[in-house]
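The sequence shown begins at 1 in the UniProt record's numbering and counts up one residue at a time. All residues carry an ideal CB built from backbone N, CA and C; glycine is no exception.
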Amino acid sequence: VAAQIQDGVNNLMITNLQPEDSGTYYCGVLEFGTTEFGQGVFLHVRNNNMNPSVHRLALKSIGLGESVNLTCDVFPERCTGEQRLCWFRDDASQRAVWCSSDVRCVRSTDENPLRTRCTSNLELKSVTSSDVGTYYCTLTSCGSTVSGDRTVVQIVDSSSGPSILVSCLSAALAVSVVGILALSFLVCRLQLKLLSSCKRTASHLTRSAAANPTVQGDVDDLHYAALSLKRSDERHIQEDEQVNICVYSSVKSKKK
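Right, here's the structure in full:
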């Protein structure tokens with residue numbers, strides 16, 4: 001067994017394959033103390049007169065209590081004898097989950113005219129934690145067994161949805177609070193500017209009043225006088241009218 005890295009891709013080379021080399025191989029990356037694995041591949045080593053086959057793993061993520069339909073394709077050699085297809089779950093027991101002799105196969109579309117394609121479906125209803133695992137199918141015909149694709153069934157925690165929603169709402173609330181604080185700060189600054197402007201205006205008016213003595217004095221020093229003027233019109237001599245004009249004047253008096 002040897003590993004090679006080329007153009008950022010890790011390749012695992014296994015020479016002199018033996019039946020015990022059959023299994024699922026994963027590639028893991030160690031980062032920040034945790035190891036993250038890919039989907040992996042399944043290697044099935046068959047008898048000497050057949051080439052080994054490599055199958056990629058499919059991943060099915062479902063919620064607890066949901067149903068899932070698994071599909072498996074196998075490519076056996078064309079055979080006129082009895083065929084039997086079984087589904088297995090990859091665990092210590094290796095017991096068949098489902099078996100049937102009613103196998104539907106069609107001619108394969110690849111270059112080998114002797115190969116056929118057989119497809120089988122397995123439905124898992126109301127999935128529980130005991131159903132989690134790797135499922136695959138095998139086809140036995142003419143004394144040989146061929147394995148098909150493998151599918152990993154895993155349960156997604158349904159509580160992760162609300163937690164994500166709560167996190168989003170919390171983030172939105174935090175942004176709203178920051179926005180309200182920023183708006184309050186701007187309003188306070190605007191009020192302070194207006195107050196400062198009013199104070200400067202009042203101070204300016206006070207200095208102007210002090211510089212102009214004509215506007216000083218008691219309220220009692222202000223007198224009102226009504227003047228009566230008589231206007232004659234050359235065209236209408238008989239129509240005289242009086243006009244009362246109110247004139248305001250500032251009178252200064254010295255108090256004794």
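Looking at the structure shown, is residue i part of a helix, part of a strand, or coil, going by DSSP?
i: V175; result: helix
i: V103; result: coil
i: R95; result: coil
i: V187; result: helix
i: R200; result: helix
i: E20; result: helix
i: V219; result: Confidence at V219 is low in this model, with a pLDDT of 46, below 50, so its placement is unreliable and no value can be given for it.
i: C168; result: helix
i: I14; result: coil
i: L194; result: helix
i: S108; result: coil
i: V9; result: strand
i: L64; result: coil
i: V41; result: strand
Got a sec, what are the start and stop residues for the beta strand (DSSP E) residue i sits in?
i: L85; result: 83 to 89
i: T34; result: 34 to 37
i: S120; result: 116 to 124
i: V29; result: 28 to 31
i: I5; result: 2 to 6
i: R78; result: R78 -> no beta strand (DSSP E), and no H or E assigned at all.
i: V74; result: 68 to 74
i: residue 295; result: Examination of residue 295 is not possible in this model, given that the chain is present from 1 through 256 alone.
i: G133; result: 133 to 141
Would you grab the beta carbon distance between residue i and residue j for me? Rounded to a whole angstrom, and I think it's under 8 angstroms.
i: D21; j: V45; result: 5 angstroms
i: T119; j: F75; result: Contact flag wrong, Cβ pair sits at about 10 angstroms.
i: V153; j: V68; result: 6 angstroms
With distances taken between CB atoms, is the gap from residue i to residue j smaller than 7 angstroms?
i: Y135; j: R104; result: no
i: W87; j: L30; result: no
i: C99; j: S141; result: no
i: G33; j: S126; result: no
i: T15; j: F42; result: no
i: S61; j: V132; result: no
i: T138; j: L70; result: no
i: L17; j: A3; result: no
i: Y26; j: G40; result: yes
i: L114; j: E77; result: yes
i: S108; j: R84; result: no
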